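Protein chains in written order, with this note's numbering: chain E, 1 to 220; chain U, 221 to 440. Think of the CB as a built atom: it goes at the ideal place given N, C-alpha and C, for glycine as much as any other residue. From a predicted model like this one, the values you see are computed outputs, not experimental measurements. One structure below.
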């Protein structure tokens with residue numbers, strides 16, 4: 001039986017590998033939409049299997065650690081946080097695949113539809129993802145809290161995008177199909193932001209042992 | 221310190237309470253859309269806080285069980301399955317709130333928009349939710365597998381709904397806003413089906429110790 005510390009290190013390394021893959025998938029899916037980059041979309045589809053495999057490996061490692069070493073206190077919190085962050089990362093990977101699929105439809109239907117605030121919302125979401133993962137690595141509570149604060153900004157921007165796209169469709173009914181694809185993109189970006197928020201909450205749980213979910217007063 | 225078996229029983233009871241609340245929320249959110257029942261939507265909003273509270277209580281109970289009793293093998297798998305199912309149930313609760321919000325917009329904008337296949341997809345999704353939870357309670361592997369098989373049917377139905385709504389909007393641009401609300405409803409129903417699939421996978425992990433996620437051959 002290998003040493004506990006060594007297996008814990010392996011768990012952390014694998015989660016960082018998972019994070020890099022998911023961040024790259026998000027970046028590529030956004031490029032696929034904004035730059036109409038078909039190659040970027042295809043990279044996202046290609047890497048999905050690897051993300052799914054690492055998710056299973058991380059869960060297995062974590063459950064084995066729980067079973068074989070019965071860790072206490074801080075180590076137990078770390079392993080539970082890794083299990084939760086892992087689930088969130090895998091879903092973010094799925095959402096990138098959804099965005100890359102919408103991008104593919106948009107590339108195949110070359111109708112001019114305004115990008116409205118999508119580059120703006122995408123930039124904000126990517127920054128939330130980056131910060132939530134940095135907060136995990138450096139155990140930075142302030143950084144984690146800043147992610148929680150950004151979530152409302154993304155929700156408002158999404159509402160603005162939604163209204164702009166509905167108005168655009170009303171004026172240009174021939175562009176309903178691509179506009180619906182863009183609606184789907186904004187919804188998937190918002191869901192990626194939600195998962196970053198979940199990760200930031202997991203970081204607070206890990207570092208402070210507090211659960212901030214559903215406690216709005218603690219999120220100010 | 222209370223007896224381990226007693227705390228495990230409490231964990232199971234709380235998860236069943238959570239399941240009932242979430243099933244009721246899904247049922248009411250669908251009635252709110254299909255029957256334009258504003259009272260049903262309001263019940264969903266009212267019960268959200270209770271669902272969020274129980275989610276935290278279940279996580280805390282499960283983590284305490286892991287920390288204080290260091291359970292092995294089957295008990296460890298049960299507790300990990302409860303943690304995962306709990307997360308899925310809470311998200312299903314959130315999705316019901318989204319559906320109830322769309323219902324509220326639809327009630328406030330009394331434009332006639334066809335319900336197309338929404339009652340059909342809603343029925344299928346509710347049956348998946350019911351079966352995945354029954355499979356957990358009775359540890360029924362065949363029932364869990366039947367949930368995995370239904371997921372593709374929901375995805376196909378959702379694609380049909382999507383295309384029908386886009387065609388309807390193209391013909392009736394004055395109804396774009398309510399049609400977009402219905403699009404959102406179908407997407408949220410599909411996501412509830414995805415979470416039922418996750419629960420069915422957790423049941424297979426619990427009973428058989430096997431992880432069927434991302435192994436399509438095992439899902440036939």
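| query | result |
| --- | --- |
| Validate contact between the stretch 181-193 of chain E and the stretch 107-126 of chain E using beta carbons, cut 8 Å, 3 pairs | yes |
| Min CB distance residue 116(E) to chain U below 8 Å | no |
| Collapsed DSSP secondary structure at residue 336(U) in the structure displayed | coil |
| Cβ pair residue 267(U), residue 241(U) closer than 8 Å | yes |
| Residue 415(U): first and last residue of the uninterrupted alpha helix (DSSP H) it sits in | 396-428 |
| Residues that residue 237(U) contacts on chain E, provided the C-beta gap is smaller than 8 Å | Result: empty, since nearest Cβ-Cβ is about 17 Å, beyond 8 Å. |
| Own chain, CB closer than 6 Å to residue 191(E), minus 5 neighbours either side, in chain order | 95 |
| Rounded C-alpha distance that separates residue 365(U) from residue 420(U) | 7 Å |
| Touching by the beta-carbon criterion (3+ pairs, under 8 Å), the stretch 20-34 of chain E and the stretch 97-109 of chain E | yes |
| Integer-rounded CB distance, given that residue 4(E) should sit under 8 Å from residue 85(E) | Rounded, the Cβ-Cβ distance is 20 Å, inconsistent with contact. |
| Interface positions of the stretch 389-401 of chain U facing chain E (Cβ-Cβ less than 8 Å), listed along the chain | 389, 390, 393, 394, 396, 397, 400 |
| Closer than 8 Å at the beta carbon, the chain E residues around residue 292(U) | 67 |
| Environment of residue 280(U) [buried if 16+ CB atoms lie within 10 Å] | exposed |
| Residue 370(U) to residue 383(U) span [Cα, whole Å] | 21 Å |
| Closest residue to residue 227(U) among 276(U), 259(U), 283(U), 239(U) (Cα-Cα distance) | 283(U) |
| Chain-ordered neighbours of residue 283(U) on chain E, where CB pairs are closer than 9 Å | 76, 77, 80 |
| Proximity winner among 69(E), 118(E), 25(E), 173(E), relative to residue 156(E) (alpha-carbon distances) | 118(E) |
| C-beta neighbour in chain E for residue 403(U), strict 8 Å | yes |
| C-beta contact flag for residue 222(E) and residue 286(U) at 8 Å | Residue 222(E) lies beyond the stretch modelled for chain E, which goes from 1 to 220, so this question has no answer here. |
| Helix, strand or coil at residue 35(E) [DSSP, three-state] | coil |
| Cβ neighbour criterion (16 or more within 10 Å) applied to residue 11(E) | buried |
| Segment limits, alpha helix (DSSP H) that includes residue 90(E) | 73-108 |
| Near-chain E residues of the stretch 374-389 of chain U - C-beta to any C-beta below 7 Å | 386, 389 |
| Option nearest residue 35(E) by Cα separation, candidates 78(E), 102(E), 9(E), 152(E) | 102(E) |
| Chain E within 8 Å of residue 307(U), Cβ atoms only | yes |
| Counted within 10 angstroms of its Cβ, other Cβ atoms place residue 312(U) as buried (16 or more) or exposed | buried |
| Simplified DSSP assignment, three categories, for residue 172(E) | coil |
| Own chain residues within Cβ distance below 7 Å of residue 17(E), not counting five before or after | 54 |
| Residue from 289(U), 264(U), 239(U), 416(U) whose Cα sits closest to the Cα of residue 345(U) | 416(U) |
| Whole-Å CB distance - residue 132(E) paired with residue 154(E), under 8 Å assumed | Incorrect: roughly 13 Å between the Cβ atoms, too far for contact. |
| Own chain partners of residue 423(U) with C-beta closer than 6 Å, once the 5 adjacent residues on each side are dropped | 355, 356, 364 |
| Backbone secondary structure at residue 290(U) - three-state DSSP | coil |
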